[in-house]
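If you use numbering that gives the first Met the number 0, the sequence shown closes out at 746, no skipped numbers anywhere. Cβ coordinates follow ideal geometry from the N, Cα and C atoms, glycine included. Since this is a predicted model, take the numbers as computed values, not measurements. Inspection log for the structure reproduced underneath, given as structure tokens.
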Amino acid sequence: MFLKYKSWIIAFFILLIPFSVYQVLDLKFSFDFEQFFPEGDPELAFFKNFIEEFETDDNFLLIGIENNPTVFEQEFLQRFHETTLDFRNVPYVKNVQSLTTLDYPIKTPFGINTIPIIHLNQPEKYEQDKKNVLSDSRFVNNFIDKEATALTITIKTEDAIDLQKSSELMDSVRNVLARHRFEDAHLLGRAYFQDELVDMQKKEIMTSTIIAGLLVSLIMILIFKKPIGVVIALGSIGLGLLYFLALLGFLDRELNIMAALYPVLMLIVGTSDVIHIMSKYIDELKKGREKYPAMVTAIKEIGVATFLTSITTAIGFATLITSNVRPIREFGLNAALGVLVAYVTVIFLTTSLLVLFSKEQIIKETEQNDFWKKWLSSWYATTLNRSKTIVISSVVLVGIFLYGMSLISMNYRIESNLPKKARITDDFKYFEDKFSGFRPIEFAVMVKDTSYAAGDYEVQREVAKLENHLSENDNFKAVFGLSTLYKSMERMNNGNQMEYYRFPEDKKSFNKSRALLQRTAKDEINSYVNADRTKTRLSSRVADIGAEKIKEESESITQWINTNIDTNLVEIRRTGTGLLVDKNSDYIRESLFSGLGLALAMVSLLMALLFKNFKMLIIALIPNIIPVLFAAALLGFFGIELEAGVSIIFAVVFGIAVDDTIHFLSKYKLMRSRGHTVEESIKTTFMETGKAITFTTIILFFGFLVMLFSNHPPSVTVGLLISITLVGALVCDLLLLPIVMRKLLKD
0 MFLKYKSWII AFFILLIPFS VYQVLDLKFS FDFEQFFPEG DPELAFFKNF
50 IEEFETDDNF LLIGIENNPT VFEQEFLQRF HETTLDFRNV PYVKNVQSLT
100 TLDYPIKTPF GINTIPIIHL NQPEKYEQDK KNVLSDSRFV NNFIDKEATA
150 LTITIKTEDA IDLQKSSELM DSVRNVLARH RFEDAHLLGR AYFQDELVDM
200 QKKEIMTSTI IAGLLVSLIM ILIFKKPIGV VIALGSIGLG LLYFLALLGF
250 LDRELNIMAA LYPVLMLIVG TSDVIHIMSK YIDELKKGRE KYPAMVTAIK
300 EIGVATFLTS ITTAIGFATL ITSNVRPIRE FGLNAALGVL VAYVTVIFLT
350 TSLLVLFSKE QIIKETEQND FWKKWLSSWY ATTLNRSKTI VISSVVLVGI
400 FLYGMSLISM NYRIESNLPK KARITDDFKY FEDKFSGFRP IEFAVMVKDT
450 SYAAGDYEVQ REVAKLENHL SENDNFKAVF GLSTLYKSME RMNNGNQMEY
500 YRFPEDKKSF NKSRALLQRT AKDEINSYVN ADRTKTRLSS RVADIGAEKI
550 KEESESITQW INTNIDTNLV EIRRTGTGLL VDKNSDYIRE SLFSGLGLAL
600 AMVSLLMALL FKNFKMLIIA LIPNIIPVLF AAALLGFFGI ELEAGVSIIF
650 AVVFGIAVDD TIHFLSKYKL MRSRGHTVEE SIKTTFMETG KAITFTTIIL
700 FFGFLVMLFS NHPPSVTVGL LISITLVGAL VCDLLLLPIV MRKLLKD
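Laid out in structure tokens, this is it:
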């Protein structure tokens with residue numbers, strides 16, 4: 000037994016501490032929407048080719064600035080204009096636009112000239128400027144709101160800007176805003192999301208660690224009471240978390256939006272392992288055994304069972320590798336690794352520390368056992384006297400849970416994943432209400448007839464039809480393409496009158512506008528037509544109405560395209576970051592079932608190897624499938640959207656719930672091997688193991704409730720549902736499991 004090397008083991012774990020602290024301080028954080036793209040999807044391959052030919056659709060930063068009752072005040076407009084110009088000197092910025100920097104092209108007898116959209120130094124023209132701007136669909140909801148109380152500055156950033164650049168960019172942006180007294184400006188864009196959400200991740204991890212640590216400390220004090228026992232338990236659990244985070248740093252694993260769950264997970268899993276080992280060790284000491292024989296027995300009986308529960312929990316998490324979404328896959332692998340780190344720390348460090356001290360130093364004698372004996376006896380009697388009622392109730396509940404599953408919504412919305420009562424969420428809602436929102440959507444238009452180019456009249460006429468159709472839909476805003484520029488040229492050719500803001504009615508007018516466009520906006524033409532002139536694009540933003548509703552809108556648009564667009568001439572295909580994130584809904588559903596199937600198969604194999612009895616396999620699975628169904632039903636009944644962050648519930652529930660069953664069955668097997676009858680073995684197991692699994696469930700319940708302090712809505716949902724579901728799993732183990740065992744196992 001390794002206990003004879005306890006001094007070396009303790010020294011090794013102590014020496015790991017400074018190395019671990021260094022690695023933890025070097026941990027990397029990340030957030031970008033590409034993480035949520037479904038890998039291997041043909042739409043992703045198409046989008047990657049699309050942005051190589053054009054540019055990404057999320058390379059923008061919007062800055063909204065209000066001025067009530069109207070933005071058409073000279074002092075405000077002057078400050079706003081100076082701010083816009085200053086943003087051109089900010090790092091990683093490619094272009095900056097606002098209404099104060101844009102001009103109308105006009106045709107004069109002397110050639111093409113321009114007039115400012117807003118005459119900054121001529122307040123007497125503001126009223127006419129306001130009328131012109133609010134009647135122009137290019138500007139409303141894009142550069143100005145409908146009430147003319149807010150303006151936006153649109154910054155185009157470098158493509159695929161990373162976290163470090165985003166932080167530098169946002170620091171510079173905030174400095175510019177502060178210098179011009181616009182500290183209350185609203186922000187939206189990729190760089191802003193990365194900077195704010197990574198900062199939120201760091202705070203979430205710190206908060207969850209502190210609260211979970213306090214909770215575990217309170218539990219340990221209540222259970223073990225003696226200072227040395229509490230210190231050993233807390234030290235082992237805390238070091239397990241430290242070593243786990245250090246291992247992530249050493250492996251260069253980046254922490255994503257789901258990382259706030261790691262501290263809670265590690266602390267409660269480590270606590271469960273510690274309680275099982277220490278409880279058995281103390282029970283053996285109370286029987287009068289010496290320290291070393293008592294610990295050897297604890298390791299042989301509980302250590303093996305705890306090892307099996309750690310493996311099954313790790314399997315539950317590891318099944319998330321079937322997901323196409325990288326953050327879910329990484330969470331599954333990291334969590335599985337964490338469970339094993341917690342076990343290794345407890346089985347080696349905790350046991351080595353415990354045998355250094357006497358029984359009196361570890362725990363205080365109490366009369367608590369009488370309470371547990373009475374409480375567990377009543378539950379055991381219920382399984383004997385009301386078995387039929389329990390079985391019928393279980394069958395009815397399964398039916399109800401299956402119905403609840405059918406109500407699960409996949410209508411993912413960005414807002415539901417943003418932190419509550421946070422500035423970034425308020426800004427997101429602000430742009431949704433006042434402007435065109437955040438969700439970008441692209442329509443790739445590919446020329447099928449090789450006798451035409453993407454910029455030709457016949458092709459752009461079809462694009463203009465789609466542009467007009469999208470503009471009539473309130474959910475689509477800021478629709479813009481090459482056809483939009485032709486509308487501007489047509490207006491310019493007709494005295495800049497708004498009623499002529501339309502696509503040229505014939506090819507002659509089109510060619511006339513084309514010549515002017517090539518002279519005034521050649522760069523913009525190139526951004527909307529690819530190099531070989533076989534593709535063009537139509538960009539827009541869609542309201543945050545949810546993945547399922549956007550899918551319905553897209554299907555409606557596809558039907559309209561098939562009816563109203565010349566599909567022999569062009570093929571139109573929806574793409575963009577929004578589409579790819581929304582497609583996760585389909586993959587989450589698929590990976591959910593495949594992951595659970597894989598977990599069931601692997602746990603079944605483990606059970607078969609452990610018990611070498613097919614009936615035991617069935618016994619183990621029945622009480623653990625019901626909690627999973629319960630979790631799914633809660634999602635359906637409460638209308639909680641099933642998205643990436645929430646989908647991990649099932650792996651967590653199954654992986655942890657099966658632990659108690661394994662402890663129960665392992666103890667039962669041990670009793671049978673000692674010659675006890677089935678009923679004697681069940682009763683002994685119920686009275687001894689029942690206490691431990693109730694303790695651990697209480698810890699898990701309150702441990703996951705720590706997530707209620709999170710600002711991240713999916714984390715709150717995960718914590719609440721897992722807590723409730725694990726209580727259901729305990730009830731299944733205490734009431735249903737003994738009944739199933741009696742039915743299937745005979746002396």
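{"Asked": "Helix, strand or coil: which one does DSSP assign to Ile-721?", "Found": "helix"}
{"Asked": "Drop a sphere of 10 angstroms on the beta-carbon of Leu-634, count the other beta-carbons inside from all chains shown, and report buried for 16 or more, exposed for fewer.", "Found": "buried"}
{"Asked": "In its own chain, which residues sit with a C-beta less than 8 angstroms from the C-beta of Ser-235, not counting the 5 before and 5 after it?", "Found": "Gly-269, Val-273, Thr-344, Val-345, Leu-348, Thr-349 and Leu-352"}
{"Asked": "According to DSSP, is Glu-123 helix, strand or coil?", "Found": "helix"}
{"Asked": "Tell me the DSSP secondary structure of Met-409 in three-state form.", "Found": "coil"}
{"Asked": "Determine the DSSP secondary structure at Lys-534, reduced to helix, strand or coil.", "Found": "strand"}
{"Asked": "Could you name the residues of the same chain whose beta carbon sits closer than 6 angstroms to that of Ala-245, not counting the 5 residues immediately before and after it, in chain order?", "Found": "Ser-19, Gln-22 and Val-23"}
{"Asked": "In whole angstroms, what separates the C-alpha of Gln-73 from that of Thr-99?", "Found": "11 angstroms"}
{"Asked": "Measure how close the beta-carbons of Ser-408 and Leu-641 come, nearest whole angstrom, since I'm counting them as under 8 angstroms.", "Found": "7 angstroms"}
{"Asked": "Looking at Asp-543 and Glu-678, is the spacing between their C-beta atoms short of 8 angstroms?", "Found": "no"}
{"Asked": "Comparing C-alpha positions only, which one of Glu-300, Ser-97 and Asp-170 sits nearest to Ala-70?", "Found": "Correcting the residue type first, residue 70 is Val in the shown sequence and not Ala. Cα-wise, what sits closest to Val-70 is Ser-97."}
{"Asked": "Counting along the chain, where does the beta strand (DSSP E) carrying Leu-61 start and finish?", "Found": "59-65"}
{"Asked": "Tell me, to the nearest whole angstrom, how far the beta carbon of Leu-783 is from that of Gly-702; I am working on the premise that it is less than 8 angstroms.", "Found": "The structure shown does not extend to residue 783, since the chain is modelled only from 0 to 746, so the question has no answer here."}
{"Asked": "Which residues in the same chain have their Cβ closer than 8 angstroms to the Cβ of His-468, if we skip the five residues on either side of it in sequence?", "Found": "Ile-556, Trp-559 and Asn-563"}
{"Asked": "Given this structure, state the Cα-to-Cα distance separating Glu-167 from Phe-708, to the nearest angstrom.", "Found": "30 angstroms"}
{"Asked": "What three-state label does DSSP hand Cys-632 in the structure shown?", "Found": "A small correction: the amino acid at residue 632 is Ala; Cys does not occupy that position in the sequence shown. DSSP places Ala-632 in helix when its eight states are reduced to three."}
{"Asked": "Compute the Euclidean distance between the alpha carbons of Phe-223 and Val-229, then round it to the nearest angstrom.", "Found": "6 angstroms"}
{"Asked": "Residues in its own chain within less than 6 angstroms of Ser-393 by CB, not counting five upstream and five downstream?", "Found": "Leu-735"}
{"Asked": "So, Ser-435 versus Ala-477, is the Cβ gap smaller than 8 angstroms?", "Found": "yes"}
{"Asked": "Under 8 angstroms between the Cβ atoms of Val-89 and Val-197?", "Found": "no"}
{"Asked": "Just checking, does the region 565-573 make contact with the region 480-487 on the three C-beta pairs under 8 angstroms criterion?", "Found": "no"}
{"Asked": "Pairing CB atoms from the region 202-220 with CB atoms from the region 705-722, are three or more of them under 8 angstroms?", "Found": "yes"}
{"Asked": "Out of curiosity, what's the CA-to-CA distance linking Phe-45 and Ile-327?", "Found": "23 angstroms"}
{"Asked": "Following the continuous alpha helix (DSSP H) through Ile-13, name the residue where it begins and the one where it ends.", "Found": "5-24"}
{"Asked": "Rounded to the nearest angstrom, what separates Met-219 and Gly-302 at their Cα positions?", "Found": "20 angstroms"}
{"Asked": "Since Thr-312 and Asp-581 should fall inside the 8 angstroms C-beta cutoff, what is the C-beta to C-beta distance between them, to a whole number of angstroms?", "Found": "So it is not a contact: roughly 32 angstroms between Cβ atoms."}
{"Asked": "Can you tell me the Cα-Cα spacing of Lys-548 and Arg-412, whole angstroms?", "Found": "10 angstroms"}
{"Asked": "Can you say whether Met-497 is buried or exposed, counting buried as having 16 or more other CB atoms within 10 angstroms of its CB?", "Found": "exposed"}
{"Asked": "If you compare alpha carbons, which of Ile-621, Leu-241, Phe-181 and Lys-27 is closest to Met-740?", "Found": "Ile-621"}
{"Asked": "In chain order, what residues of the same chain lie with their CB nearer than 7 angstroms to the CB of Lys-124, ignoring the 5 residues before and after it?", "Found": "His-118"}
{"Asked": "In the DSSP assignment, find the unbroken alpha helix (DSSP H) run with Arg-741 in it and report its ends.", "Found": "736-743"}
{"Asked": "Just the Cα atoms here: how many angstroms apart are Ile-152 and Leu-336?", "Found": "46 angstroms"}
{"Asked": "Here's the rule I'm using: 16 or more other beta-carbon atoms within 10 Å means buried, otherwise exposed. How should Asn-384 be labelled?", "Found": "exposed"}
{"Asked": "Determine, using beta carbons only, whether Met-615 and Met-601 come nearer to each other than 8 angstroms.", "Found": "no"}
{"Asked": "Closest to Asn-120 by CA distance: which of Ala-149, His-80, Pro-104 and Asn-140 is it?", "Found": "His-80"}
{"Asked": "Taking the beta strand (DSSP E) that Gln-558 belongs to, which residues open and close that run?", "Found": "From DSSP, Gln-558 is part of no beta strand (DSSP E) but of the alpha helix (DSSP H) over 546-563."}
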